[in-house]
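Trainee: Protein chains in written order, with our numbering: chain A, 1 to 253; chain B, 254 to 700. Where is the CB? At the ideal position from N, CA and C, for every residue including glycine. Following this message is one structure expressed as structure tokens.
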Ligand SMILES: Nc1ncnc2c1ncn2[C@@H]1O[C@H](COP(=O)(O)OP(=O)(O)OP(=O)(O)O)[C@@H](O)[C@H]1O
Ligand SMILES: [Mg+2]
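This is the structure we're talking about:
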């Protein structure tokens with residue numbers, strides 16, 4: 001007997017139209033796919049194909065024009081603005097291309113922001129945030145400001161932040177786009193470790209080397225899914241390599 | 254609880270990101286709040302002073318003053334018309350007006366005084382006042398030694414006098430003045446001193462008809478004695494020329510039994526005196542009670558005016574806050590996007606920016622209250638400073654500026670503080686709502 005696979009997200013005929021003065025831009029024209037728990041998806045496609053639009057929908061930052069989007073059991077398409085905010089705070093983790101840390105807050109405080117909006121700030125949550133900072137190798141920099149950190153370090157803070165609310169999945173839009181190859185490798189090693197531990201990850205990228213680390217690649221073209229395939233010859237870091245990279249990262253911090 | 258604390262902590266952190274900017278914004282509110290308290294305190298101080306001066310004249314009194322007609326109005330060479338209020342009129346008022354307690358006739362002359370036991374001493378220039386015993390009570394004169402003029406002395410037309418404290422010091426620096434003889438060289442008259450008064454402050458000049466009264470160099474004698482010895486005619490030599498004037502009384506002060514009756518009584522007296530002569534120019538009726546009522550409305554208007562100025566400065570401070578907050582919101586668009594993406598609701602964003610503006614205005618309000626409380630002290634030292642550094646300038650200052658001391662109006666402190674918070678909310682709400690309205694996706698993309 002096979003247990004039915006639990007879905008982190010499931011999209012059915014999802015459409016997004018932007019109504020402009022003279023025309024209507026159909027950025028997404030009917031997207032359907034499922035993301036089972038524990039999946040590691042890379043979304044790729046040419047510029048303007050609708051990757052960011054799709055990710056914004058997945059991230060509940062926007063509502064679809066047509067179609068349905070189930071996050072666990074809840075239909076996001078029908079939610080109010082405040083409900084969407086609650087979903088973002090409690091069920092999603094974001095990692096952005098430009099890190100997007102809040103400049104006046106320290107490392108731990110940045111990590112805590114989603115908890116703040118969930119109304120769950122306490123000693124326990126502080127310990128959790130500190131633990132996550134340590135996990136991404138920034139245990140010694142809890143009180144630092146974003147401006148005092150390198151790009152890679154800031155991105156690791158962002159990853160810690162995306163995990164603090166124990167999300168259904170992590171959404172990463174060009175998370176390595178601003179980083180050099182060594183730091184990119186650090187971040188990808190971190191993603192792989194998280195995925196190995198059971199975290200679901202959906203990331204947008206246009207670098208083949210990056211997408212090669214995912215388990216599955218969805219190609220978009222003109223707002224439609226062109227292909228949706230598992231990654232052959234997936235680039236996997238060995239446990240030893242991950243150890244090495246994170247050691248390196250810690251030395252550099 | 255922790256959350257609200259966090260919100261405030263965050264607000265302070267964000268404000269401290271631009272300390273100079275925040276300080277200047279706070280300064281705007283500080284000035285607004287402090288000026289509310291200052292202006293009200295100064296307004297209160299000035300009107301209290303005015304009220305005190307009027308009350309000095311006695312709210313229950315009606316004063317009828319003789320006014321000397323302009324030179325040339327009187328007859329030429331020897332014949333001099335009587336002017337001013339008459340003894341008969343004083344008696345008539347006492348007899349016919351029912352609501353009256355006392356009528357005090359007063360006649361004042363400018364005289365030189367000498368202590369007879371020390372003829373070499375320089376004469377002191379002072380004021381000789383003929384009056385009745387009630388004069389002391391009505392003008393709040395207190396006797397230090399001896400007694401004030403008595404009814405018996407008035408009836409017997411005795412040559413006795415009571416002298417003021419300052420005059421006593423000048424004429425008798427080292428002796429007890431009681432029972433000494435005082436000499437009036439111009440009148441060739443002696444008076445025996447029966448009493449010395451305590452020091453008394455001057456009253457204010459009110460309107461044109463009643464000049465300030467300085468009681469410091471006064472000598473009081475029975476009015477009957479004055480009439481008996483000196484008559485109604487007064488000859489003054491000034492250098493080669495001399496002037497003659499003739500008047501029975503300088504003033505009558507009428508004390509009304511009940512303050513409520515003052516306006517009615519004043520009307521009655523006025524019509525009695527003006528009888529048959531609508532435009533009698535040689536007397537003036539002064540009613541301190543009416544002045545007091547007038548002063549109260551003036552005070553109200555004054556306070557409102559001051560309040561208006563203060564309100565304007567608070568609004569200016571509020572606009573300063575709004576300006577800064579709008580700039581801050583634009584500048585922190587990206588942060589707003591991040592917060593929305595991480596689960597912040599619109600209401601959370603509104604709250605965050607409101608907390609910041611309120612923090613600014615509360616800090617401004619608190620420091621403003623402190624600054625406001627310093628008002629009496631600052632005014633005191635400023636006055637002393639001017640007195641020391643620019644005595645000429647100080648001498649030319651209006652009387653009020655010299656004696657007025659600001660009175661902090663207690664209610665102005667909570668009011669000013671409350672208003673500052675309200676200003677923070679009112680001027681903060683628009684930028685905060687604008688921040689909350691932003692689309693998270695656009696905000697995240699903002700550079
Ligand atoms: N707010 C908007 N209003 C109107 N049209 C939009 C809006 N956002 C996106 N579009 C349009 O939708 C289409 C998809 O845009 P999207 O940003 O999703 O592309 P993308 O795949 O992320 O491209 P890139 O790789 O350049 O980031 C584009 O044609 C774009 O012009
Ligand atoms: Mg994009």
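Do the stretch 347 to 362 of chain B and the stretch 496 to 508 of chain B meet, that is, are 3 or more Cβ pairs less than 8 Å apart?
Mentor: Segments in contact, yes.
Trainee: Considering only residues of the same chain and omitting the five flanking positions on each side of residue 63(A), which have a CB-CB separation below 8 Å?
Mentor: Same-chain partners within the cutoff: 57, 76, 77, 79, 84.
Trainee: Among residues of its own chain, excluding the 5 on either side of residue 446(B), which ones have a beta-carbon nearer than 7 Å to its beta-carbon?
Mentor: Counting only Cβ-Cβ distances below 7 Å, and skipping sequence neighbours, we find 414, 416, 430, 431, 432, 433, 435.
Trainee: Along the beta strand (DSSP E) that carries residue 218(A), what are the first and last residues, could you check?
Mentor: First-last of the beta strand (DSSP E) with residue 218(A): 216 to 221.
Trainee: Counting contacts by CB-CB distance shorter than 8 Å, is residue 88(A) in contact with chain B?
Mentor: Answer yes: the Cβ-Cβ gap between residue 88(A) and chain B drops below 8 Å somewhere.
Trainee: At which residues does the beta strand (DSSP E) containing residue 203(A) begin and terminate?
Mentor: That run of the beta strand (DSSP E) goes 200 to 204.
Trainee: Rounded to whole angstroms, what's the CA-CA distance from residue 184(A) to residue 246(A)? Just pull it up for me.
Mentor: Taking the straight line from one Cα to the other gives about 12 Å.
Trainee: Helix, strand or coil, according to DSSP, for residue 400(B) in the structure here?
Mentor: Three-state DSSP puts residue 400(B) in coil, outside helix and strand.
Trainee: Less than 8 Å between the beta carbons of residue 290(B) and residue 628(B), yes or no?
Mentor: Taking 8 Å as the Cβ cut-off, residue 290(B) and residue 628(B) qualify as a contacting pair.
Trainee: Between residue 102(A) and chain B, is there a C-beta pair that is closer than 8 Å?
Mentor: By this cut-off, residue 102(A) is an interface position.
Trainee: Here's the rule: buried if 16 or more other CB atoms are within 10 angstroms of the residue's CB, otherwise exposed. What is residue 88(A)?
Mentor: It is buried - the Cβ of residue 88(A) has at least 16 other Cβ atoms within 10 Å.
Trainee: Could you give the distance in angstroms between the alpha-carbon of residue 217(A) and the alpha-carbon of residue 260(B)?
Mentor: Spanning the two alpha carbons is a distance of roughly 42 Å.
Trainee: Contact criterion: CB-CB distance below 8 Å. Does residue 596(B) meet it with respect to chain A?
Mentor: Closer than 8 Å: yes.
Trainee: Strictly under 8 Å for the Cβ-Cβ distance: is residue 687(B) near chain A by that measure?
Mentor: Not closer than 8 Å to any Cβ of chain A, the Cβ of residue 687(B) fails to qualify, so no.
Trainee: So for residue 234(A), helix, strand or coil by DSSP?
Mentor: Coil, per DSSP.
Trainee: Could you tell me whether the Cβ of residue 601(B) comes closer than 8 Å to any Cβ of chain A?
Mentor: Interface residue, yes.
Trainee: Taking 8 Å as the cut-off, does the stretch 377 to 385 of chain B touch the stretch 470 to 477 of chain B (at least 3 CB pairs, one atom from each stretch)?
Mentor: Flag = yes, the stretch 470 to 477 of chain B and the stretch 377 to 385 of chain B touch.
Trainee: Under the criterion of a Cβ to heavy atom distance below 7 Å, does residue 53(A) qualify as lining ligand 1?
Mentor: Checking every heavy atom of ligand 1 against the Cβ of residue 53(A), one is found closer than 7 Å.
Trainee: Report the three-state DSSP secondary structure of residue 614(B) (helix, strand or coil).
Mentor: Residue 614(B): helix per DSSP, three-state reduction.
Trainee: My assumption, with CB atoms under 8 Å, is that residue 45(A) sits in contact with residue 220(A). Please give the rounded CB distance.
Mentor: Correct: roughly 4 Å between the Cβ atoms.
Trainee: Alpha carbon to alpha carbon, what distance is there between residue 418(B) and residue 299(B)?
Mentor: Each residue's alpha carbon lies about 29 Å from the other.
Trainee: Quickly, what does DSSP pair residue 475(B) with across the bridge? List them, please.
Mentor: DSSP, once it has assigned bridges, lists 384(B) as partnering residue 475(B).
Trainee: Scan the stretch 51 to 63 of chain A for residues whose Cβ lies nearer than 8 Å to a Cβ of chain B and list them as they occur along the chain.
Mentor: From the stretch 51 to 63 of chain A, only 56, 59, 61, 62 have a Cβ closer than 8 Å to chain B.
Trainee: Against chain A, with Cβ distances strictly below 8 Å, would residue 614(B) count as a contact?
Mentor: By this cut-off, residue 614(B) is not an interface position.
Trainee: State yes or no: is the beta carbon of residue 591(B) nearer than 8 Å to at least one beta carbon in chain A?
Mentor: Yes, residue 591(B) counts as interfacial toward chain A.
Trainee: Taking 7 Å as the cut-off, is the beta-carbon of residue 25(A) closer than that to any non-hydrogen atom of ligand 1?
Mentor: At least one heavy atom of ligand 1 is nearer than 7 Å to the Cβ of residue 25(A), so yes.
Trainee: So, residue 59(A) versus residue 171(A), is the Cβ gap smaller than 8 Å?
Mentor: Yes, the Cβ-Cβ distance between residue 59(A) and residue 171(A) is below 8 Å.
Trainee: Taking the runs of the alpha helix (DSSP H) that are 4 residues or longer, which of them lie wholly in the stretch 7 to 74 of chain A?
Mentor: Qualifying alpha helix (DSSP H) stretches, in chain order: 51 to 58.
Trainee: Is it true that the CB of residue 560(B) sits closer than 8 Å to the CB of residue 614(B)?
Mentor: Result no, Cβ atoms of residue 614(B) and residue 560(B) do not sit closer than 8 Å.
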